[in-house]
Amino acid sequence: MTVKQHIMIKGVKDGLLFLLDDQCDFDVIIEELKHKIEKTHQQLLSGPLIHITIKLGNRTISEEQSKQLTEIIRSQGNLIIHAIDSNVPAVSKAHAELKVLSAIVRAGQEIEYDGDLLLLGDVHPGGVLRSTGDIYVLGALRGTAYAGIKGRTESIIAASVLRPTQMKIADILSKPLDEYELCDGLMEYAYLENEQISIQKLTLLHRENRMPVIMRGV
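For the sequence shown, our numbering assigns the number 5 to the initial residue and increments by one for each residue that follows.
#1: Out of curiosity, what's the CA-to-CA distance linking glutamate 116 and arginine 78?
#2: If we ignore side chains and look at the alpha-carbon of each, how far apart do leucine 166 and tyrosine 195 end up?
#3: With burial defined as no fewer than 16 other Cβ atoms inside 10 Å of the residue's Cβ, what is the status of proline 129: buried or exposed?
#4: Quick one: what does DSSP say serine 70 is sitting in, helix, strand or coil?
#5: Helix, strand or coil: which one does DSSP assign to isoleucine 41?
#6: By the three-class DSSP mapping on this structure, what secondary structure does glutamate 35 have?
#7: Quick one: Cα of leucine 145 to Cα of alanine 151, how far?
#8: Could you say if the segment 104-116 and the segment 73-87 meet the contact criterion of at least three C-beta pairs nearer than 8 Å?
#9: Which partner residues does phenylalanine 22 have in the DSSP bridge list?
#10: Rank Leu37, Ser66, Ser202 by C-alpha distance to the C-alpha of leucine 21 and give the top, closest one.
#11: Quick check on the burial criterion: 16 or more other C-beta atoms within 10 angstroms. Buried or exposed for proline 168?
#12: Give me whichever residues DSSP pairs with valine 133 in a beta bridge.
#13: Isoleucine 203 by DSSP, collapsed to three states: which one?
#14: Among Glu42, Glu35, Met12, Ile153, whose alpha-carbon lies nearest the alpha-carbon of leucine 60?
#15: Out of Ser164, Gly189, Tyr193, Leu142, which one is the CA nearest neighbour of isoleucine 173?
#16: Could you check whether isoleucine 161 and methionine 171 sit closer than 7 Å to each other, using their CB atoms as the reference points?
#17: Determine the direct distance from the alpha carbon of lysine 43 to that of leucine 122, and round the result to whole angstroms.
#18: Since isoleucine 56 and leucine 24 should fall inside the 8 Å C-beta cutoff, what is the C-beta to C-beta distance between them, to a whole number of angstroms?
#19: Tell me which residues share the same chain as histidine 99 and place their Cβ nearer than 6 Å to its Cβ, disregarding the 5 neighbours each side in the sequence.
#20: Suppose you measure from the CA of glutamate 199 to the CA of aspartate 175; what does that come to, to the nearest Å?
#21: Going straight from the alpha carbon of alanine 163 to that of glycine 125, what length do you get?
What follows is the structure, given as structure tokens:
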């Protein structure tokens, strides 16, 4: 009896195309992908660098599922993810998850949001911002900011004046502020790098392949 294949691999001009069955369970896709890469398709997938495009069909996947696919394919060493495409139109993150709030967050006040948070105002010492996504403060951040509170390691914390009491991204806490080699605290952002929080100028955001919410149609 022939076992149904849920992943079709085709050669294209600039690499290989992985066509995923959008009707089966995602765990089935993961197991079959591991089997093909580790056992049945090693000869096809070995050699020089190969660009991989993954076609999801009429399926949407979470960031965690995308990470699973990426880690399995990269485990081969010479495979590079070129794109992961879906036929399902993406919902604009900027409009679906961005909260724009005009306020001054004073000592003892806490604000929490599920998505990206853009605060037009200052955060005083003792004030707290929490967000599952990014945190942007168009003002002075002198209180506490926790971004990616549900484990989103790609989150950042940015501010016009970045002088927080404490920062946390996902599960990683920042070092004391005086241990960072800051210029002046003006127009800087914090992000995770090698499992620790680093700080850079906002002008370098493009090098991290991130786009601030203020540049996403807000």
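Note that the Cβ used here is the ideal one computed from N, Cα and C, for glycine as well.
This is what the structure gives:
#1: Rounded to whole angstroms, glutamate 116 to arginine 78 spans 35 Å at the Cα level.
#2: Their backbone Cα atoms lie some 13 Å apart in a straight line.
#3: By the neighbour-count rule (16 or more Cβ atoms within 10 Å), proline 129 is not buried but exposed.
#4: Residue state, collapsed to three classes: helix.
#5: Three-state result, isoleucine 41: helix.
#6: In the three-state DSSP reduction, glutamate 35 falls in the helix class (H, G or I).
#7: A direct Cα-Cα distance of roughly 13 Å separates leucine 145 from alanine 151.
#8: Contact annotation: the segment 104-116 does not touch the segment 73-87, with fewer than three C-beta pairs closer than 8 Å.
#9: Partner(s): Ile13, Ile58.
#10: Nearest option by C-alpha distance: Leu37.
#11: The residue is buried, with at least 16 neighbouring Cβ atoms inside 10 Å.
#12: Correcting the residue type first, residue 133 is leucine in the shown sequence and not valine. Paired residue(s): Ile115, Ala149.
#13: Three-state DSSP puts isoleucine 203 in a strand.
#14: Ranking Glu42, Glu35, Met12, Ile153 by Cα distance to leucine 60 puts Met12 first.
#15: Among Ser164, Gly189, Tyr193, Leu142, the Cα nearest to that of isoleucine 173 belongs to Tyr193.
#16: Yes, Cβ-Cβ distance for methionine 171 and isoleucine 161 is below 7 Å.
#17: A straight line joining the alpha-carbon of leucine 122 with that of lysine 43 spans about 48 Å.
#18: Taking 8 Å as the upper bound for CB-CB distance, isoleucine 56 and leucine 24 are not in contact here, some 12 Å apart.
#19: Note that histidine 99 scores 42 on pLDDT, short of 50, meaning its location in the model is unreliable and no value can be drawn from it.
#20: One C-alpha to the other measures close to 9 Å.
#21: Rounded to whole angstroms, alanine 163 to glycine 125 spans 10 Å at the Cα level.
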